[in-house]
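With mature numbering (1 follows the signal peptide of the UniProt record, and there is no 0) applied, the sequence shown covers -31 to -1, 1 to 168.
What follows is one structure encoded as C-alpha cells, with my remarks underneath.
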Amino acid sequence: MTARTSPRARSRRTFRAVLALIPALALGAFAGCQIGVGDQACTEQSIVNDKDDACPYGPPGGPKVRETGCPELTILDPSACTTAPTWAEVYSILTGPSAGCTIGGCHGAAPGARGIFLSADSSDAFYDELKGYSGAQGYPYINEEDPSRSWILCNLQGTPGGGAPMPPPSGLSDADYALIEQWALCGLRRTGGGGDAGP
C-alpha cells in the first residue's frame, strides 16, 4: 500500500520548485549581455548613495553612484593624428563579437536594452545616438563641440563616475581599447582620416 501525499505537502513541493527556478530565470534574462552585477560593478572608489532605476549600464535598481567626475580628455594636436584610427574601425569593434554593444540584452533592439539603442545597421545612427546621449556626467558620450568633455573612455574603462567597464563584465581587450582611445584623443571624428579638421 502506498502512502498518499497530502495536498499541503504537494503545495510545499511545488512552491520550493518554483523558488529554485527564480535564480535561473533571472540569470537567463541577462545572459545575452553577460550582465550579472551591472551598476554594482562600479569600482571600489565609487560611493553608493541611492538606487538608480534608469541606470544605462546595468539592470534597473542597481546602486546609484555619487558623481566623482570623469577626467577631461587631452585632445592631441592634429599633427599627431595623421594616422589616427577611423570611426569605421571603432564602429567595427563596438558592434563586433568582442564588444557586442548591439546585441539584444545590451543596447540592441530587443526589450531590455538599457539607456540607449545602438544600431548594428548604421554607423551614422550609432554615432548620433552616442553623440546625443548625456548621462550622469552632464555631457555627451561623444561630444563633437568639446571632445575633451566626452565620457566614452571613462565608461569603457570603468573609471569612477563612468559606470561599470563596457562591455560587461570586464571591458574591451587592451588592443581594442587602445585603438578607441587613440581615436578619441584625436577628436572623435566621424568622417575622414587622421588630421581631418572636422568631426
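Think of the CB as a built atom: it goes at the ideal place given N, C-alpha and C, for glycine as much as any other residue.
Nothing here was measured: the structure is a model prediction, and the numbers come from that model.
Going by the DSSP bridge assignment, what does serine 103 pair with across the sheet? Numbered from its first residue, the sequence shown carries residue 103 at position 134. Looking at the DSSP assignment, serine 103 forms a beta bridge with Pro109.
For alanine 53, count the other beta carbons within 10 Å of its own beta carbon; 16 or more makes it buried, fewer makes it exposed. Which is it? Start at 1 with the first residue of the sequence shown, and residue 53 comes out as number 84. Answer is buried; the Cβ neighbour count reaches 16.
Cα separation between glycine 140 and arginine -19? In the sequence shown, counting from the first residue as 1, residue 140 sits at position 171. In the sequence shown, counting from the first residue as 1, residue -19 sits at position 13. Using only the alpha carbons, I get a separation of about 42 Å.
Inspect the CB distances between the region 95 to 104 and the region 48 to 63 and report whether three or more fall short of 8 Å. yes
Sequence-distant residues of its chain with Cβ nearer than 7 Å to leucine 42 (five each side left out): Locating residue 42 in the sequence shown gives position 73, counting from the first residue. Exclusion of the five residues before and after leucine 42 leaves Pro116, Ser117, Ser119, Leu122, Ala153, Leu154 as the residues of its chain whose Cβ lies within less than 7 Å of its Cβ.
Which of the three DSSP states is assigned to cysteine 70 in this structure? Taking the sequence shown and counting its residues from 1, the one referred to as residue 70 is at position 101. Here cysteine 70 sits in coil by DSSP.
DSSP three-state label for cysteine 39, please. Here residue 39 refers to the residue found at position 70 of the sequence shown. Coil, per DSSP.
Label glycine 107 either buried or exposed according to how many other C-beta atoms from any shown protein chain fall within 10 Å of its C-beta, with 16 as the threshold for buried. As a first step, residue 107 is located in the sequence shown; it is residue number 138 there, counting from the start. Counting Cβ neighbours within 10 Å, glycine 107 comes out exposed, since fewer than 16 surround it.
Look at serine 67 and aspartate 143 and say whether their C-beta atoms are less than 8 Å apart. Position 98 of the sequence shown, counted from the start, is the residue given in the question as residue 67. Position 174 of the sequence shown, counted from the start, is the residue given in the question as residue 143. Contact flag unset, no.
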